[in-house]
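Peer 1:
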Amino acid sequence: MDGNVILALGLTLFAGLATGLGALIAFFTSRTNKKFLSVALGFSAGVMIYVSLVEIFVKAKDSLTYALGNSMGYWMTILGFFGGMLFIAVIDRFIPKSKNPHEVKTVEDLHAAEKSATNIDHDKLMKMGIFTALAIGIHNFPEGIATFMATIQDPNVGIAIAIAVAIHNIPEGIAVAIPIYFATGIRKKAFKLSFFSGLAEPVGAIIAYLILMPFLNDVMFGVIFAGVAGIMVFISLDELLPAAKKYDETHLSIYGVVAGMAVMAISLVLLT
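Last residue of the sequence shown: number 272 in UniProt numbering, and the count goes up by one each step with no gaps.
Below you can see the structure in the form of structure tokens.
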């Protein structure tokens with residue numbers, strides 16, 4: 001197996017299992033550092049937006065224009081980009097906002113739920129937790145494909161995407177752990193479901209390897225990469241930035257965005 005393939009699979013596993021870290025944070029810390037959360041989510045968005053528009057979109061366009069010519073190649077890049085946005089938007093459309101895994105949960109939510117646990121229907125909580133875990137799986141699947149394909153083409157870009165995805169997977173782990181824990185009272189069970197919900201990321205990578213890799217050519221690569229750029233930009237604009245602003249203090253979220261872009265830009269220069 002090619003070294004880049006092994007690295008790509010490892011990175012998607014790393015990013016996906018960050019949901020388990022979210023569960024641990026929920027169980028073993030007393031409060032959320034909201035300043036850090038705002039900067040981290042902004043940083044993640046900055047990395048995703050910069051690498052998507054400056055690196056991934058350009059590589060998709062280069063691949064498609066090389067294979068199809070300037071005009072048709074550019075049009076296919078645009079269609080792939082907005083197709084990726086439409087794909088993730090459709091997924092979000094069918095997940096209720098209150099159960100959407102990208103709705104950031106904090107440690108304070110865990111303790112608030114604890115105080116009112118006696119008044120909560122535990123069956124409903126359990127269903128909510130399972131539904132959220134499934135929803136995270138649905139969201140993480142295309143992210144796994146995106147991270148895998150990016151790493152295959154350029155390991156430096158793949159590493160950056162994996163780190164950004166891992167950062168925004170941490171609050172998703174909290175979103176699973178909160179209802180499961182208060183439905184069952186068992187931390188181990190809540191952690192397991194949170195941990196395994198992230199496995200959709202490497203599953204997406206494995207499917208990409210088994211199904212897409214044998215047929216990969218300039219056109220398929222370009223369309224997939226353009227779609228990856230669209231998915232990343234949509235997640236950043238629709239989920240990460242609003243969540244970062246929610247816990248913002250004195251423009252910390254935008255500082256995080258700028259820092260993420262700067263780190264990504266410098267990394268791409270130094271590592272090329």
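Where is the CB? At the ideal position from N, CA and C, for every residue including glycine.
Write down the C-beta distance between D208 and I145 rounded to the nearest angstrom, noting that I regard them as a contact closer than 8 Å.
Peer 2: The residue given as residue 208 occupies position 208 in the sequence shown. The residue given as residue 145 occupies position 145 in the sequence shown. The sequence as given places Ala at residue 208; Asp does not occur at that position. Indeed they touch by this definition, with Cβ atoms about 5 Å apart.
Peer 1: Please tell me whether I136 and G198 are closer than 9 Å, where the distance is taken between their beta carbons.
Peer 2: Position 136 of the sequence shown, counted from the start, is the residue given in the question as residue 136. Position 198 of the sequence shown, counted from the start, is the residue given in the question as residue 198. Contact: yes.
Peer 1: Do the segment 148-168 and the segment 41-53 touch if we need at least three Cβ pairs shorter than 8 Å?
Peer 2: Output reads yes: the segment 41-53 touches the segment 148-168.
Peer 1: Please classify S44 as buried or exposed, where buried requires at least 16 neighbouring CB atoms within 10 angstroms.
Peer 2: One-based indexing of the sequence shown puts residue 44 at position 44. Under this definition S44 is a buried residue.
Peer 1: For S98, which residues of its own chain have a beta-carbon under 8 Å away from its beta-carbon, when the five flanking residues on both sides are left out?
Peer 2: One-based indexing of the sequence shown puts residue 98 at position 98. Unreliable positioning characterises S98 in this predicted model, as indicated by a pLDDT of 49, which lies under 50. A coordinate reading is not provided.
Peer 1: Classify L17 as helix, strand or coil using the three-state DSSP reduction.
Peer 2: Residue numbering aside, residue 17 sits at position 17 when the sequence shown is read from its first letter. Residue state, collapsed to three classes: coil.
Peer 1: On the criterion of 16 or more Cβ atoms from any shown chain inside 10 Å, does H251 qualify as buried, or is it exposed?
Peer 2: The residue given as residue 251 occupies position 251 in the sequence shown. Classification of H251: exposed, given that the 10 Å Cβ count is below 16.
Peer 1: Spatial neighbours of L41 within its chain, please: C-beta separation below 6 Å, excluding the five flanking residues on both sides.
Peer 2: Position 41 of the sequence shown, counted from the first residue, corresponds to residue 41. Within the same chain, L41 has close Cβ partners L240, A243 and A244.
Peer 1: What is the DSSP secondary structure of I231, reduced to helix, strand or coil?
Peer 2: Along the sequence shown, read from residue 1 onward, the residue named residue 231 stands at position 231. Correct three-state label for I231: helix.
Peer 1: Please report how far the alpha carbon of P74 lies from the alpha carbon of Q153, in whole angstroms.
Peer 2: On the sequence shown, residue 74 is found 74 positions in, with the first residue counted as 1. On the sequence shown, residue 153 is found 153 positions in, with the first residue counted as 1. Correcting the residue identity first, residue 74 is Tyr in this sequence and not Pro. Using only the alpha carbons, I get a separation of about 19 Å.
Peer 1: Relative to the C-alpha of P202, which candidate in I138, I130, V90 and G256 has its C-alpha closest?
Peer 2: Walking along the sequence shown from the start, residue 202 turns up at place 202. Nearest option by C-alpha distance: I138.
Peer 1: Under DSSP, the alpha helix (DSSP H) around S194 begins and ends at which residues?
Peer 2: Within the sequence shown, the letter at position 194 stands for residue 194. First-last of the alpha helix (DSSP H) with S194: R187 to S197.
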